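Below is one structure; the comments refer to it alone.
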Amino acid sequence: MDSTAAIVPNSSNESLESPQDEKLSLEQFRKLFIGGLIHTITDEKLKEYCSKYGEIIECVIMRDREGRSRGFAFVSFKDRATVENFMKDRPHIIDGKKIEPKRAMPRNEASKAEGQLTVRKIFIGGIKEDLTEDKLKSYFQKFGNIVECNIMKDKEDKLRGFGFITFDDYDGVDRCILEKPHIINEKELDVRKAIPREQISRVNISNTNQNSEFYSPTNLIYNQPTASPSSYTYFQPTNYFYKPMPLMNTNDFSPATLSYPSELSKNAYSLSAPLTYQNKLSNEEKSRIRLTNDEQYRKLFIGGLSLKTTDETLKDYAIKFGEITDCLVMKDQKGQSKCFGFVTFINSEIVDEFMKQRPHIVDGRQIDPKRAMPREEANNDDVHLTVKKIFIGGIRDGLDEDTLRKHFEKYGNINDCLLMHDKNGKTRGFAFIEFDDYDSVDKVILARPHTIGKYHVDVKKAIPKDQRQFQHQQQQYALQMQAATAYYYYNSLPYHILNNQIRSPYNLMTQNGAFIDDIFSHIQISNNNNNHSNSFHYTPTRNNGQQTLHSSQ
Numbered sequence: 001m002d003s004t005a006a007i008v009p010n011s012s013n014e015s016l017e018s019p020q021d022e023k024l025s026l027e028q029f030r031k032l033f034i035g036g037l038i039h040t041i042t043d044e045k046l047k048e049y050c051s052k053y054g055e056i057i058e059c060v061i062m063r064d065r066e067g068r069s070r071g072f073a074f075v076s077f078k079d080r081a082t083v084e085n086f087m088k089d090r091p092h093i094i095d096g097k098k099i100e101p102k103r104a105m106p107r108n109e110a111s112k113a114e115g116q117l118t119v120r121k122i123f124i125g126g127i128k129e130d131l132t133e134d135k136l137k138s139y140f141q142k143f144g145n146i147v148e149c150n151i152m153k154d155k156e157d158k159l160r161g162f163g164f165i166t167f168d169d170y171d172g173v174d175r176c177i178l179e180k181p182h183i184i185n186e187k188e189l190d191v192r193k194a195i196p197r198e199q200i201s202r203v204n205i206s207n208t209n210q211n212s213e214f215y216s217p218t219n220l221i222y223n224q225p226t227a228s229p230s231s232y233t234y235f236q237p238t239n240y241f242y243k244p245m246p247l248m249n250t251n252d253f254s255p256a257t258l259s260y261p262s263e264l265s266k267n268a269y270s271l272s273a274p275l276t277y278q279n280k281l282s283n284e285e286k287s288r289i290r291l292t293n294d295e296q297y298r299k300l301f302i303g304g305l306s307l308k309t310t311d312e313t314l315k316d317y318a319i320k321f322g323e324i325t326d327c328l329v330m331k332d333q334k335g336q337s338k339c340f341g342f343v344t345f346i347n348s349e350i351v352d353e354f355m356k357q358r359p360h361i362v363d364g365r366q367i368d369p370k371r372a373m374p375r376e377e378a379n380n381d382d383v384h385l386t387v388k389k390i391f392i393g394g395i396r397d398g399l400d401e402d403t404l405r406k407h408f409e410k411y412g413n414i415n416d417c418l419l420m421h422d423k424n425g426k427t428r429g430f431a432f433i434e435f436d437d438y439d440s441v442d443k444v445i446l447a448r449p450h451t452i453g454k455y456h457v458d459v460k461k462a463i464p465k466d467q468r469q470f471q472h473q474q475q476q477y478a479l480q481m482q483a484a485t486a487y488y489y490y491n492s493l494p495y496h497i498l499n500n501q502i503r504s505p506y507n508l509m510t511q512n513g514a515f516i517d518d519i520f521s522h523i524q525i526s527n528n529n530n531n532h533s534n535s536f537h538y539t540p541t542r543n544n545g546q547q548t549l550h551s552s553q
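Per UniProt numbering, the sequence shown runs over residues 1 to 553.
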């Protein structure tokens with residue numbers, strides 16, 4: 001089995017199996033998810049607005065147990081053409097707030113980790129030799145305007161079996177997902193949303209980890225010795241592991257009792273001691289660190305670069321906006337671009353202007369600029385996500401929505417400010433503010449700590465539930481990958497097993513017909529007042545080049 005086929009899940013469970021399924025599918029094309037609703041809006045008000053575009057079959061605002069709006073709704077139109085017109089006529093503003101309409105996904109898609117994320121790029125697997133970029137573009141352009149189409153190749157110019165297409169609008173991606181399956185030249189393609197790396201789990205962008213090519217989940221899936229040159233990646237959902245592995249049952253013991261090999265402890269997905277240390281810094285200490293390092297306010301992270309973009313070409317473009325003190329495109333150990341870089345300007349005003357002038361096109365490709373985060377923030381997974389909403393904690397009774405707005409409006413245009421109250425009207429101690437641009441959120445994070453009046457408030461990025469769930473699933477998947485790698489690496493197998501013999505999650509799960517959780521089933525873990533007996537510690541010992549597992553009794 002080739003590596004491309006290995007990552008394509010069985011599509012039989014996604015196909016229509018009955019007339020009822022077919023009916024539901026047709027209804028799906030007429031349904032919209034409406035997010036970003038103001039909390040005071042009613043079903044009637046939403047229906048009144050949407051009915052301007054055509055007849056409505058159903059309009060429901062989702063509410064909690066106490067009857068309060070959850071900020072989103074579903075609207076079903078009578079025909080599909082009305083949905084198309086509604087999406088083409090964006091942006092929509094209801095009660096002074098811009099709403100976020102998206103095509104509602106069928107249940108089999110919505111249940112996937114990436115199902116609800118808003119992206120403009122798709123991953124396409126199962127690509128054969130007879131499929132060219134022109135054919136691929138010709139097929140998918142009916143779903144929306146295509147900005148870029150790439151079929152990935154290795155250093156010997158051989159197809160790697162997958163590609164990426166970037167649309168100019170997220171709706172083009174959602175249409176592709178709704179229209180599955182996609183068949184070109186009588187071959188079904190595996191089409192999924194391509195998730196930006198910052199929306200998964202933060203990776204070690206410096207790539208100084210000597211074991212990255214052995215422990216990277218991307219490499220295990222694609223069977224490639226180096227990471228994909230794209231700034232996007234595709235992680236298979238965790239349902240390849242049919243039941244939780246006993247070794248990774250986090251309910252049975254605390255992470256502190258896990259004993260990793262030293263090699264695994266260097267991995268970007270393992271527990272990080274500096275993270276604990278940084279969390280102990282006070283607001284005053286963090287502020288003092290920033291004051292002594294104002295370079296941070298002058299630095300941009302530039303993602304989504306073309307493989308052919310060099311330090312010079314990036315600098316030639318960025319210098320149009322102002323003087324540059326440093327410009328660097330990051331490269332791997334073989335000198336190949338990692339498709340992102342950093343640009344440092346002489347002052348922060350140039351950074352502000354650069355961000356205002358988005359979008360930017362460099363070497364024919366739209367780049368993804370973001371404000372670079374300081375080192376003490378960079379260990380926080382959430383800080384790298386692209387969101388428009390912030391969470392504000394530690395709010396006292398003396399703070400109201402107007403005061404919050406006044407403090408934060410200097411960072412950008414505010415769409416909504418909501419101070420949470422209980423059913424008795426008392427403040428719950430936290431609030432949410434939504435900006436019209438993700439850059440405003442990054443500016444807020446860079447400016448921490450925040451003091452309003454005499455009170456310090458806790459400001460973080462507000463992570464949508466779908467992204468939080470996706471993040472959690474990927475962290476669990478990474479832990480499972482580590483456990484699998486530990487087994488192979490410390491069970492008398494040479495390094496090359498990771499790149500030559502493990503070609504799919506199915507092969508990874510089984511050796512001599514056993515799943516990973518069965519492999520580890522002989523490990524007994526007990527949890528009695530945090531006393532753990534018979535727990536295995538991976539300690540490599542070398543006898544004539546062999547490595548073995550030892551149990552610490």
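A virtual CB, placed ideally from N, CA and C, is assigned to each residue, including glycine.
Note that this is a predicted model, so its numbers are computed, not measured.
Item	Value
Distance, Ile-34 Cα to Ser-76 Cα	11 angstroms
Extent of the continuous beta strand (DSSP E) run through Asp-416	414-421
For Asn-150, the residue or residues it bridges with in DSSP	Phe-164
Lys-461 and Asp-368 closer than 7 angstroms at C-beta	no
In DSSP terms, what Thr-451 is bridged to	His-456
Beta-carbon contacts of Tyr-297 that lie in its chain and below 6 angstroms, excluding the five residues immediately before and after	Ser-348
Check: Ile-395 C-beta below 6 angstroms from any heavy atom of the ligand NAD	No copy of the ligand NAD occurs in the structure displayed, which carries no ligand at all.
Cβ pair count under 8 angstroms reaching 3, the region 347-365 against the region 315-324	yes
Limits of the unbroken beta strand (DSSP E) element including Lys-389	389-393
Asp-416 beta carbon less than 7 angstroms from that of Lys-142	no
For Leu-281, the three-state DSSP class (helix, strand or coil)	Summary for Leu-281: the model assigns pLDDT 48, below 50, so the residue's position carries little reliability; its value from the coordinates is reported in the next sentence. Of the three classes helix, strand and coil, the one that applies to Leu-281 here is coil, per DSSP.
Residue burial classification, Ser-138 (beta-carbon count within 10 angstroms, cutoff 16)	exposed
Cβ distance (whole Å) where Leu-159 is taken to contact Ile-184 below 8 angstroms	With a Cβ gap of about 14 angstroms, Leu-159 and Ile-184 do not count as contacting.
Buried versus exposed, by CB contacts within 10 Å (16 or more), Thr-309	buried
DSSP state of Asn-249 mapped onto helix, strand, coil	With a pLDDT of 31 at Asn-249, under the threshold of 50, the modelled position of that residue is not reliable, and no figure is offered here.
Outcome for Met-62 when other beta-carbon atoms lying within 10 angstroms are tallied against a minimum of 16	exposed
Per-residue burial, Pro-101 [other beta carbons within 10 Å of its own, 16 or more giving buried]	buried
C-beta contact flag for Gly-125 and Phe-74 at 7 angstroms	no
Three or more C-beta pairs below 8 angstroms linking the region 326-337 and the region 386-398	no
Backbone CA spacing between Arg-68 and Lys-426 [nearest angstrom]	15 angstroms
Nonlocal neighbours in the same chain, by C-beta distance under 6 angstroms from Thr-325, ignoring five residues either side	Thr-344 and Ile-346
Between the CA atoms of Lys-135 and Glu-186 - distance to the nearest angstrom	13 angstroms
Whether Tyr-411 touches Lys-443 by CB criterion (7 angstroms)	yes
Backbone secondary structure at His-407 - three-state DSSP	helix
Nearest residue (CA-CA) to Gly-322, options Phe-342, Gly-172, Phe-354 and Ile-302	Phe-354
Straight-line gap, Arg-30 to Asn-424 (C-alpha atoms, nearest Å)	39 angstroms
Helix, strand or coil at Gly-172 according to DSSP, with G and I counted as helix	helix
6 angstroms CB neighbourhood of Asp-422 in its chain, flanking five on each side removed	Arg-428
Check whether Arg-90 and Leu-178 have beta carbons under 7 angstroms apart	no
Val-457 vs His-450 beta-carbon contact at 7 angstroms	yes
Range of the contiguous beta strand (DSSP E) that encloses Asp-368	368-371
DSSP three-state assignment for Ala-104, whether helix, strand or coil	coil
Contact under 7 angstroms by Cβ, Leu-305 with Phe-340	yes
Cβ shell of Arg-396 (< 7 angstroms), same chain only, five flanking positions each side left out	Tyr-455
For Ser-337, the three-state DSSP class (helix, strand or coil)	strand
Ile-94 beta carbon less than 7 angstroms from that of Tyr-49	yes
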